[in-house]
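Read in the UniProt record's numbering, the sequence shown has 98 at position 98, and its numbers run on one by one without any break. Even for Gly, the Cβ is constructed at its ideal location relative to N, Cα and C. Predicted model only: the values in this text are computed from it and were never measured. For reference, the structure discussed in these notes is given below.
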Amino acid sequence: MLVLSIDTSTPDLVTGVVDTDTGESVDRVLPGTRAHNEQLTPTVQTALADARVTFADLDAVVVGCGPGPFTGLRVGMASAAAFGDALGIPVHGVCSLDAIAHRLPEDTKLVAIDARRREIYWATYRGTERTSGPDVRAPGELELPHDVEVVSVPAHLAEKLPEQLADVAKRDLAPTPASLVAVADLDATPGPLTPLYLRRPDAKEPKSVPRSPAIPQVEI
């Protein structure tokens with residue numbers, strides 16, 4: 001099965017074509033880009049060309065549903081849904097933190113990514129099972145089990161984690177196309193794609209302003 005894999009939950013733009021029969025993955029990742037909207041489709045096209053396949057050869061799409069910022073998730077999930085609809089193939093949504101956790105061989109782990117506003121999106125795992133989260137919180141406010149063996153966290157946030165994690169091994173990982181596919185149930189009928197925003201977008205509707213009594217009421 002050939003699977004197109006997409007994730008835009010982090011500053012990295014992650015795309016790739018994964019062959020589930022051979023385990024081969026042709027990845028095209030743009031680290032630290034904020035131009036997900038402009039770069040996603042051209043990067044997917046490059047990945048397909050490098051894998052020597054076309055859109056018509058794909059059997060499914062897997063997309064990371066966050067948690068992540070509103071704009072980033074919307075770009076990735078809307079594109080995945082559009083590809084799936086145009087090709088008539090299933091689109092499977094997965095938790096992006098699960099895909100990162102899959103890359104860590106240790107048994108107990110904390111996975112965190114930058115949520116901005118001095119906060120992180122996070123979840124904890126035992127083996128392949130998520131034991132808490134996903135949630136959003138200031139890194140210093142986390143209440144964690146005492147047996148965490150490894151942490152995946154952006155380097156600039158590592159020192160802000162609770163003191164109990166000071167001596168725990170730390171890595172800075174993002175989802176990969178293969179890890180996204182690994183945590184997807186490709187045999188199941190996919191449900192609707194549900195983004196894990198975890199908090200409201202920065203943009204807010206302006207509050208309504210009461211009509212001034214000085215403005216005459218006009219009857220129509």
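query = In chain order, which alpha helix (DSSP H) runs of at least 4 residues are fully inside the region 170-198?
reply = Runs of the alpha helix (DSSP H) inside the region 170-198: 177-182.
message = What ranges does the alpha helix (DSSP H) occupy inside the UniProt domain "Gcp-like" (34-141), keeping only unbroken runs of at least 4 residues that lie completely in it?
response = Listed in chain order, they are 36-50, 70-87 and 96-102.
ask   = Would Gly127 pass as a contact of Ser96 if the rule is Cβ separation under 8 Å?
value = No, the Cβ-Cβ distance between Gly127 and Ser96 is not below 8 Å.
Per-residue DSSP class, three states only, for Ile6 = DSSP, reduced to helix, strand and coil, places Ile6 within a strand of the structure shown.
request  = Mark Phe55 as exposed unless 16 or more other C-beta atoms lie within 10 angstroms of its C-beta, in which case mark it buried.
outcome  = Classification of Phe55: exposed, given that the 10 Å Cβ count is below 16.
task = Report the three-state DSSP secondary structure of Leu13 (helix, strand or coil).
result = The DSSP-derived three-state label of Leu13 is strand.
ask   = To which residues does DSSP link Val150 through a beta bridge?
value = The bridge partners DSSP lists for Val150 are Lys109 and Ala169.
task = Using three-state DSSP, classify Leu157 as helix, strand or coil.
result = If DSSP states are grouped into helix, strand and coil, Leu157 belongs with the helices.
ask   = Between the C-alpha atoms of Ile220 and Gly72, what's the straight-line distance to the nearest angstrom?
value = Its pLDDT being 44, under 50, Ile220 is placed unreliably in this model, and the value from its coordinates should be taken loosely. About 46 Å.
inquiry  = Restricting to Cα atoms, I'd like to know which of Asp172, Lys160 and Val181 is closest to Asp12.
reply    = With respect to the C-alpha of Asp12, the residue from Asp172, Lys160 and Val181 having the closest C-alpha is Asp172.
query = What is the C-beta distance between Leu40 and Val75, in whole angstroms, given that I count them as a contact (C-beta under 8 Å)?
reply = Yes, Leu40 and Val75 are in contact; Cβ-Cβ is about 6 Å, under 8 Å.
request  = Thinking Pro139 and Ile120 are a contact (beta carbons under 8 Å), I'd like their distance in whole angstroms, please.
outcome  = Between Ile120 and Pro139 the Cβ distance is about 5 Å, and since that is below 8 Å, they are a contact.
request  = Compute the distance between the beta-carbons of Val94 and Leu165, then report whether it is under 8 Å.
outcome  = Not a contact, by the Cβ cut-off of 8 Å.
ask   = Skipping 5 residues on each side, what residues in its chain have a beta carbon closer than 6 Å to that of His36?
value = Excluding positions up to five away in sequence, the list reads Thr8, Leu13, Gly72 and Val75.
ask   = To which residues does DSSP link Leu30 through a beta bridge?
value = Paired residues: Leu13.
request  = Return the CA-CA distance between Asp202 and Gln45, expressed in angstroms with no decimal places.
outcome  = No answer about Asp202 holds up, because its pLDDT of 48 lies below 50 and its placement is not dependable.
query = On the three-pair Cβ rule with 8 Å, is the region 130-144 touching the region 155-164?
reply = A contact exists between the region 130-144 and the region 155-164.
message = Relative to the C-alpha of Ala123, which candidate in Glu106, Arg116 and Ile100 has its C-alpha closest?
response = Relative to Ala123, the option among Glu106, Arg116 and Ile100 whose CA is nearest is Ile100.
Close beta carbons around His92, own chain, < 6 Å, minus the five adjacent residues each side = Excluding sequence positions up to five before and after His92, its CB lies within less than 6 Å of the CB of Val62, Ala184 and Pro190, all in the same chain and listed in chain order.
query = Who does Asp21 pair with in a DSSP beta bridge?
reply = Secondary-structure assignment with DSSP links Asp21 through no beta bridge to anything.
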